[in-house]
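*Asks:* Numbering-wise (the working numbering), the sequence shown opens with residue 1 and increments by one. Even for Gly, the Cβ is constructed at its ideal location relative to N, Cα and C. Okay, here's the structure, questions in a sec.
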Amino acid sequence: QVQLVESGGGLVQAGGSLRLSCTASGRTFSPYAMGWFRQAPGKERVFVARVVWIGGATYYADSVKGRFTISRDNAKNTVYLQMNSLKPEDTAVYYCAAKRLGAAYDYWGQGTQVTVSS
Numbered sequence: 001q002v003q004l005v006e007s008g009g010g011l012v013q014a015g016g017s018l019r020l021s022c023t024a025s026g027r028t029f030s031p032y033a034m035g036w037f038r039q040a041p042g043k044e045r046v047f048v049a050r051v052v053w054i055g056g057a058t059y060y061a062d063s064v065k066g067r068f069t070i071s072r073d074n075a076k077n078t079v080y081l082q083m084n085s086l087k088p089e090d091t092a093v094y095y096c097a098a099k100r101l102g103a104a105y106d107y108w109g110q111g112t113q114v115t116v117s118s
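Dropping the structure here:
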């Protein structure tokens, strides 16, 4: 079994920055990709960004493009989400997830709260 643990959330003023981390542990970890999702109060969980584990190709939701950067450290089994120019609408619980090739995201972390004040 694979466990994903997020960290780095918190309270920040609009325009500020935060960096989230997600570390995988458990059995041999070799996903196809890892992603970040977020869920705002009263809303569905939505995709934020993903990175392909081998090669590092990235993809972003339009709402965060140019402000957020996803990266990974394969040796540490860790994926990061650098969030700059944060806006109040970025307030949400952020989840990391991992997926195998051809499969849905089937490993999820417990989430970390990000709150952006205006």
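1. Would the beta-carbon of S71 fall within 7 Å of that of Y60?
2. Quick one: is G9 buried, meaning 16 or more other Cβ sit within 10 Å of its Cβ, or exposed?
3. Output yes or no for whether 7 Å exceeds the beta carbon distance between F29 and V2.
4. Where do the ends of the beta strand (DSSP E) carrying S85 lie?
5. When burial is assigned at 16 or more other CB atoms within 10 Å of the CB, is V51 buried or exposed?
6. Excluding the five sequence neighbours on either side, which residues of its own chain have a C-beta within less than 6 Å of the C-beta of R45, listed in chain order?
7. If you count every other CB in all the chains shown that lies within 10 Å of the CB of P88, and 16 or more means buried, which is it?
8. Excluding the 5 residues flanking A14 on each side, which residues of the same chain have their C-beta closer than 8 Å to its C-beta?
9. How many Å lie between W108 and A97 at the Cα?
*Replies:* Let's see:
1. Here residue 71 corresponds to residue number 71 of the sequence shown, with the count starting at 1. Here residue 60 corresponds to residue number 60 of the sequence shown, with the count starting at 1. No, the pair does not count as a contact, with Cβ atoms beyond the cut-off.
2. Walking along the sequence shown from the start, residue 9 turns up at place 9. It is buried - the Cβ of G9 has at least 16 other Cβ atoms within 10 Å.
3. Reading the sequence shown from its first residue, position 29 is the one you call residue 29. Reading the sequence shown from its first residue, position 2 is the one you call residue 2. For F29 and V2, yes; Cβs fall inside 7 Å.
4. Along the sequence shown, read from residue 1 onward, the residue named residue 85 stands at position 85. S85: not part of any beta strand (DSSP E); DSSP gives it neither H nor E.
5. Counting from 1 along the sequence shown, the entry for residue 51 is found at position 51. That one is buried.
6. To locate residue 45, count along the sequence shown from 1; it is residue 45. Contacts found: F37 and Q39.
7. The count along the sequence shown starts at 1 and reaches residue 88 at position 88. The residue in question, P88, is exposed, as its Cβ has fewer than 16 Cβ neighbours within 10 Å.
8. Looking up residue 14 in the sequence shown gives position 14. The answer, listed in chain order, is L86, K87, P88, V116, S117 and S118.
9. Reading the sequence shown from its first residue, position 108 is the one you call residue 108. Reading the sequence shown from its first residue, position 97 is the one you call residue 97. Cα to Cα, W108 sits roughly 4 Å from A97.
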